[in-house]
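Using the working numbering, read the sequence shown as starting at 255 and increasing by one per residue. Note that beta-carbon positions come from the ideal geometry of N, C-alpha and C, so glycine has one too. What follows is a set of notes on a single structure, which appears directly below.
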Amino acid sequence: MAAPMRYATARYAHVLGRSFPQNAIKLTENGFNNARYFSQQKFFTFNANNRRNIVKSLSAVSGLICGAYIGQRWMSTPESGQTWGLLSPIAKQRGQVWDGEKCTDEPQLLNRVPRALSAEDAAKLNLTLYQYQVCPFCCKVRAYLDYFGVPYTIVEVNPVSRKEIKFSEYRKVPILVQRSPGKEDMQLNDSSVIISILTSFMVTNEKDLGRLMSYYPKMTYTNEKGKEVSEFTNRFNIMLLETPGLSKAEKVEMKWRKWVDNVLVHNLPPNIYRSPSEALQAFSYISSLGNFNSVEKVIMKYVGAAGMYFIAMKLKRKYNIKPDARESLYDAANEWMDVVGKKAFLGGEKPNLADLSVYGVLSSIEGLDAFHDMCRMTKIGPWYQRTKKSVQSHAGAQ
Ligand SMILES: N[C@@H](CCC(=O)N[C@@H](CS)C(=O)NCC(=O)O)C(=O)O
255 MAAPMRYATA RYAHVLGRSF PQNAIKLTEN GFNNARYFSQ QKFFTFNANN RRNIVKSLSA
315 VSGLICGAYI GQRWMSTPES GQTWGLLSPI AKQRGQVWDG EKCTDEPQLL NRVPRALSAE
375 DAAKLNLTLY QYQVCPFCCK VRAYLDYFGV PYTIVEVNPV SRKEIKFSEY RKVPILVQRS
435 PGKEDMQLND SSVIISILTS FMVTNEKDLG RLMSYYPKMT YTNEKGKEVS EFTNRFNIML
495 LETPGLSKAE KVEMKWRKWV DNVLVHNLPP NIYRSPSEAL QAFSYISSLG NFNSVEKVIM
555 KYVGAAGMYF IAMKLKRKYN IKPDARESLY DAANEWMDVV GKKAFLGGEK PNLADLSVYG
615 VLSSIEGLDA FHDMCRMTKI GPWYQRTKKS VQSHAGAQ
């Protein structure tokens with residue numbers, strides 16, 4: 255009995271996860287955990303000794319059902335823009351209930367819904383990017399915008415005064431602002447959220463960035479060290495709305511986008527500030543491209559380099575970077591090339607969002623020793639140049 259139960263529950267959880275693209279990761283993870291836990295219980299052989307297990311199992315299942323119910327109700331409100339679903343009254347009215355055929359398990363295609371921006375949509379966007387020229391997260395957003403040919407204006411933020419972003423409560427860059435006449439400015443924060451929102455904009459009929467933003471709510475919580483941290487929910491999810499479910503290629507793309515933010519990017523500071531001379535090289539590069547006045551330029555170069563040299567040592571411990579940080583950078587480059595394999599890009603013939611993200615982050619160190627060493631010691635160079643060419647030629651534009 256356990257096997258069919260396990261199958262049925264896992265299947266149910268899977269269907270639930272796929273039915274709510276906005277919460278697919280959380281729901282599927284929770285669903286699977288609950289299902290796994292549930293199936294491990296000897297549900298049909300219970301006796302007085304395992305009463306506690308039964309209570310746990312039942313609470314796991316009820317949690318799953320409650321979560322599904324609440325999620326479903328939330329997803330099917332008109333405000334959420336979701337018009338289909340297992341229980342949705344709106345969906346039933348329109349005959350748009352979940353269709354097993356449409357949500358095949360592992361469609362291989364990445365672009366079930368083509369990702370491209372029409373000239374008309376591009377013109378509507380009117381975007382301004384608040385950035386630091388060599389910030390890896392900003393470079394990632396620029397790679398994305400350039401590849402898809404999205405027009406935008408750049409405002410280089412002064413990292414000392416940050417006066418250009420005083421309008422925002424969010425204290426980091428990149429910030430992407432949409433300005434529309436007669437409307438309040440729309441502000442998008444976080445590089446991965448920006449990329450997910452703009453991709454959702456391309457693949458759905460939802461052309462209101464404000465509504466798309468509502469799918470990425472900011473959660474603030476206290477972490478295990480007692481520190482208050484904020485995180486954007488669904489950062490890596492593309493809202494497919496009418497086309498639920500994730501193809502295998504989309505899952506792979508999402509996994510490697512996460513890897514860029516959680517692994518690759520942590521290799522940069524310990525590498526570019528590896529020694530005092532490399533820290534000075536990095537800071538002359540940063541100060542030559544950044545928005546500094548001439549006094550700040552000199553101070554930044556020396557004070558910044560010294561400060562970052564020590565901060566990078568701390569980050570090295572925090573993110574388990576190898577004693578020689580180059581080794582970890584080469585490992586990351588090799589790991590990436592292993593997954594790209596013999597294909598031109600991870601996305602196949604065209605770069606996908608993970609290709610653009612890896613390229614964007616690495617482009618932030620292009621002028622530095624760490625980058626040249628990485629190209630010399632690994633096979634990443636040709637892939638990097640291919641992606642650069644695609645980005646610079648706006649190959650993803652319609
Ligand atoms: N998760 C954010 C990270 C952004 C971030 O940390 N940006 C840095 C610059 S590289 C920043 O603005 N730090 C605050 C500061 O410099 O004042 C993203 O992906 O956009």
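Excluding the 5 residues flanking it on each side, L430 has same chain C-beta neighbours closer than 6 Å at L381, L383, L442 and I448, in chain order. Put simply, the backbone Cα of G561 is about 44 Å away from that of D375.
Residue selection by CB proximity (closer than 5 Å to any heavy atom of ligand 1) returns C389, F391, K426, V427, D444 and S445 in chain order. Fully enclosed alpha helix (DSSP H) runs of no fewer than 4 residues occupy 463-467, 502-516 and 522-526 of the segment 460-539, in order along the chain. For L543, same chain residues with a beta-carbon under 8 Å away, outside a window of 5 residues either side, are Q387 and V388 in chain order. Residue burial is scored here from C-beta neighbours: M473 has fewer than 16 other C-beta atoms within 10 angstroms and is therefore classed as exposed. In summary, E507 is buried, with 16 or more beta-carbon neighbours lying within 10 Å of its beta-carbon over all protein chains present. Per DSSP, reduced to three states, the secondary structure at Y398 is helical. In this chain, the beta strand (DSSP E) harbouring M440 covers M440 to N443.
Here the alpha carbon of K596 sits roughly 25 Å from the alpha carbon of R580. If you ignore the 5 residues before and after L466, its C-beta comes within less than 7 Å of the C-beta of I451, S454, F455, E460 and M493, all in its own chain and listed in chain order. Under the DSSP definition of a beta bridge, Q432 partners with L381 and M440. CA-to-CA, the gap between S647 and K479 works out to about 46 Å. Judged by DSSP in its simplified three-state form, E603 adopts coil rather than helix or strand. For V593, the uninterrupted alpha helix (DSSP H) segment begins and ends at A579 to V594.
Within its own chain, the residues whose Cβ lies closer than 7 Å to the Cβ of F490, once the five positions on either side in sequence are excluded, are S446, S450, M508, R511 and K512, listed in chain order.
Within the model, the alpha-carbon separation for K437 versus D462 is close to 12 Å. Short of 6 Å from the beta carbon of S582, and not among the five residues preceding or following it, lie these beta carbons of its own chain, in chain order: N521, I575 and K576. Here V404 is not near V427, since their CB atoms are 8 Å or more apart. In the DSSP assignment, T407 falls outside any alpha helix (DSSP H) and within the unbroken beta strand (DSSP E) covering Y406 to E410. The alpha-carbon of Q385 is positioned some 13 Å away from that of F546. Take V414, set aside five residues on each side of it, and the residues of its chain with a beta-carbon closer than 8 Å to its own are F546, E550 and M554, in chain order. Taking a 10 Å sphere around the C-beta of R425, we find fewer than 16 other C-beta atoms and assign the residue as exposed.
Secondary structure at E620: coil, using DSSP grouped into helix, strand and coil.
Annotated three-state conformation of Q646 is helix, per DSSP. Of all C-beta pairs linking the segment 530-540 to the segment 632-641, fewer than three are shorter than 8 Å, placing the two stretches out of contact. Membership of K568 in the alpha helix (DSSP H) is indicated by the continuous run A559 to K572. In this structure, I526 lies near A624, with their beta-carbon atoms less than 8 Å apart.
Counted as a single uninterrupted DSSP element, the alpha helix (DSSP H) harbouring I553 occupies residues S548 to I553.
V395 is classed as buried because its beta carbon has at least 16 other beta carbons within 10 Å across all chains shown. Excluding five sequence positions before and after I408, the CB atoms of its chain that fall closer than 7 Å to its own CB belong to L383 and Q385, given in chain order.
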